Amino acid sequence: MNMRTVMMIEDNPDHALLIRKALEDGDCAVTHHEDGDSALRSCEVMRNGAAKPDLVFLDLKLPGMDGFEILTRMKNIEGFKGVPIVMLTTSGRAEEIRKAYDLGANGYVVKPDDFSELKAKLKRVKDYWFSTVELPGPAAKTRENKSSAQVSRGQS
0 MNMRTVMMIE DNPDHALLIR KALEDGDCAV THHEDGDSAL RSCEVMRNGA
50 AKPDLVFLDL KLPGMDGFEI LTRMKNIEGF KGVPIVMLTT SGRAEEIRKA
100 YDLGANGYVV KPDDFSELKA KLKRVKDYWF STVELPGPAA KTRENKSSAQ
150 VSRGQS
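Letter by letter, the sequence shown follows residues 0 to 155 of our numbering.
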């Protein structure tokens with residue numbers, strides 16, 4: 000099993016700790032950014048060849064740039080377009096949910112108050128993006144090579 004990486008953009012240290020605890024396990028590592036400037040600098044480095052995250056969780060209410068602006072900028076970074084970005088926020092307002100999807104968010108999750116609920120929600124999101132759907136990138140190439148090898152051996 001490949002180690003997956005998740006980028007979390009979250010300014011609240013308590014939320015960040017809980018999200019990290021909920022996400023990290025034997026197959027997932029989390030990088031944390033407290034604001035949009037830091038996250039976007041990291042994305043620019045990735046554009047120049049550094050490994051990209053497999054999934055991004057982005058808070059909506061952040062200091063400086065809000066989550067909408069960060070989302071828009073991330074979606075416009077060359078080579079970063081295939082990375083799923085899921086809004087993870089306390090706001091369940093319909094207009095914010097609609098706007099996030101209009102700007103290109105791949106999902107929108109409202110943070111529950113209970114840690115076990117948060118952990119269960121994040122597990123379902125991880126399972127969806129890491130186990131259910133196919134994404135472009137190195138993991139897809141590995142699966143393609145594995146499938147080709149199985150077909151050549153008469154397996155499927």
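Where is the CB? At the ideal position from N, CA and C, for every residue including glycine.
This one's a predicted model, so the numbers in the text were calculated from it and none came from an experiment.
Kindly indicate which residue of the options has the alpha-carbon position closest to the one of residue i.
{"i": "E33", "options": "M6, L22, D26", "result": "M6"}
{"i": "D24", "options": "L70, A38, T4, K60", "result": "T4"}
{"i": "N1", "options": "S115, M86, K110, D53", "result": "D53"}
{"i": "A99", "options": "D112, G78, G66", "result": "G66"}
{"i": "I76", "options": "N47, D101, A93", "result": "N47"}
{"i": "G78", "options": "M45, M86, D112, I69", "result": "M45"}
{"i": "D126", "options": "L70, D26, E94, E95", "result": "D26"}
{"i": "S115", "options": "A49, L17, E68", "result": "L17"}
{"i": "F56", "options": "D112, D113, E68, P83", "result": "P83"}
Between the C-alpha atoms of residue i and residue j, what's the straight-line distance to the nearest angstrom?
{"i": "H14", "j": "D58", "result": "10 angstroms"}
{"i": "F129", "j": "R123", "result": "10 angstroms"}
{"i": "A51", "j": "P135", "result": "Reading off the sequence, residue 51 comes out as Lys, not Ala. C-alpha separation (whole angstroms): 12 angstroms."}
{"i": "V29", "j": "R97", "result": "27 angstroms"}
{"i": "G91", "j": "K120", "result": "15 angstroms"}
{"i": "E43", "j": "V108", "result": "26 angstroms"}
{"i": "A104", "j": "V132", "result": "16 angstroms"}
{"i": "R40", "j": "A93", "result": "30 angstroms"}
{"i": "N11", "j": "L70", "result": "18 angstroms"}
{"i": "L102", "j": "T88", "result": "16 angstroms"}
{"i": "E95", "j": "A49", "result": "32 angstroms"}
{"i": "K110", "j": "D36", "result": "23 angstroms"}
{"i": "I8", "j": "R72", "result": "14 angstroms"}
{"i": "K60", "j": "G81", "result": "24 angstroms"}
Go ahead and pull the three-state DSSP assignment for residue i.
{"i": "D24", "result": "strand"}
{"i": "V124", "result": "helix"}
{"i": "D10", "result": "coil"}
If contacts are defined as beta-carbon pairs under 8 angstroms, then residue i and residue j qualify, I think. What distance do you get, rounded to the angstrom?
{"i": "Y38", "j": "L117", "result": "The sequence shown places Ala at residue 38, rather than the Tyr named in the question. With 8 angstroms as the limit, A38 and L117 do not qualify as a contact, their Cβ atoms being about 21 angstroms apart."}
{"i": "G63", "j": "M86", "result": "The pair is not a contact, with the Cβ atoms about 17 angstroms apart (cut-off 8 angstroms)."}
Consider the C-beta atom of residue i and the heavy atoms of the ligand MN; say whether any pair is separated by less than 7 angstroms.
{"i": "C42", "result": "The ligand MN is absent from the structure shown, which contains no ligand whatsoever."}
Legend entry - Ranges of the alpha helix (DSSP H) found wholly within the region 27-110, counting only runs of at least 4: If we require 4 residues or more, the alpha helix (DSSP H) runs fully inside the region 27-110 come out as 35-46, 66-74, 93-101.
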